[in-house]
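J.:
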C-alpha cells in the first residue's frame, strides 16, 4: 500500500508541475484499513500447512495428514496458506454477498477474523430483502405506490439518516446493520399486508 501511495503521489506532483491538476497533493486524507485475519497452521517443523486440509477442533486439537499442527491467527494470504478463495465464495454466494460480508465484518480500520459461516448470514439477509420486494412464486412485485404506514415511514427515515451518517464516516458495518434492522421491520409489514 505504501508503494502505491508513493507512486500515485509522484505522478500527481508531475501532473501538478505540468499544470494538469490544481492540487499539490493527491489525497485530502489517508485511511488505512485493517487486515482480514484467518487461522493459520504450523507443523512440528514450523512450516505452514494448507489451512483447508486441517482437521479437528480447538478442543480435540488440529491435525494435518494425521500429524498435530498448531493454530495461530495471521493476515489472510498465500504465505500463511490460509487464504479463502474469493472465486469459490462468489460461485457459492455471489459477489454482492461477498462484498456485503466484507463491509459488515467490523470497523473498516480494525483487523478482523474471517468466518465463512457468517457469509451465510449476509446471503440470507439479501434473500429476505429480495422476498420482501418480489413474490418468488409469481415474480410479481410487492412494491406499491400507496403510502406506507406512519410507523414504517419513521423507520425508513431513521434508516436513511443513520446510513447516510455512517457512510459519510466510513462505518459500513453499522450502516449495513441499520439496513438489516429496516428489513426486519419491513418483513413484519410484508407478512401482515402482503405488500411493500
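In our numbering, the protein residues as written are 124 to 319. Every residue gets a Cβ at the ideal spot worked out from N, C-alpha and C, and that includes glycine. Treat the numbers as computed from the prediction; the structure is a model and nothing was measured.
1) Please classify residue 314 as buried or exposed, where buried requires at least 16 other C-beta atoms within 10 Å of its C-beta.
2) Report the rounded CA-to-CA distance for residue 216 versus residue 297, giving the unit in angstroms.
3) Look up residue 261 in the DSSP assignment and say whether it is helix, strand or coil.
4) Below 8 Å on the Cβ atoms is my contact criterion, and I expect residue 199 with residue 205 to pass it. Report the Cβ-Cβ distance as a whole number of Å.
5) By Cβ distance below 8 Å, which residues in the same chain neighbour residue 231 in space, the five residues on each side in sequence not counted?
6) Report the residue ranges of all alpha helix (DSSP H) runs contained in full by the stretch 286 to 316; include only those spanning at least 4 residues, in chain order.
7) So if DSSP puts residue 165 in a beta bridge, which residue, or which two residues, is it bridged to?
8) If we ignore side chains and look at the alpha-carbon of each, how far apart do residue 307 and residue 265 end up?
9) How do the stretch 183 to 195 and the stretch 161 to 168 stand: do at least 3 beta-carbon pairs fall below 8 Å, yes or no?
10) Could you spell out where the alpha helix (DSSP H) holding residue 154 opens and where it closes?
11) Quick check on DSSP: helix, strand or coil for residue 187?
T.: In this structure, then:
1) Here residue 314 refers to the residue found at position 191 of the chain shown. Per the 10 Å Cβ criterion, exposed.
2) Counting from one through the chain shown, the residue named residue 216 turns up at place 93. Counting from one through the chain shown, the residue named residue 297 turns up at place 174. If you take the alpha carbons of residue 216 and residue 297, they lie about 22 Å apart.
3) Within the chain shown, numbered from 1, the residue matching residue 261 stands at position 138. Note: residue 261 maps to coil in three-state DSSP.
4) One-based indexing of the chain shown puts residue 199 at position 76. One-based indexing of the chain shown puts residue 205 at position 82. So it is a contact: roughly 6 Å between Cβ atoms.
5) Numbered from 1 along the chain shown, position 108 holds the residue referred to as residue 231. Excluding positions up to five away in sequence, the list reads 154, 156, 157, 293, 294, 295, 296.
6) 295 to 316
7) Taking the first residue of the chain shown as 1, we reach residue 165 at position 42. Looking at the DSSP assignment, residue 165 forms a beta bridge with 171, 193.
8) Against the chain shown, residue 307 aligns to sequence position 184. Against the chain shown, residue 265 aligns to sequence position 142. One C-alpha to the other measures close to 16 Å.
9) Yes, since at least three Cβ pairs between the stretch 183 to 195 and the stretch 161 to 168 fall closer than 8 Å, the two stretches touch.
10) Numbered from 1 along the chain shown, position 31 holds the residue referred to as residue 154. Note, residue 154: premise wrong, no alpha helix (DSSP H); not H, not E.
11) On the chain shown, position 64 is the one that residue 187 refers to. Here residue 187 sits in strand by DSSP.
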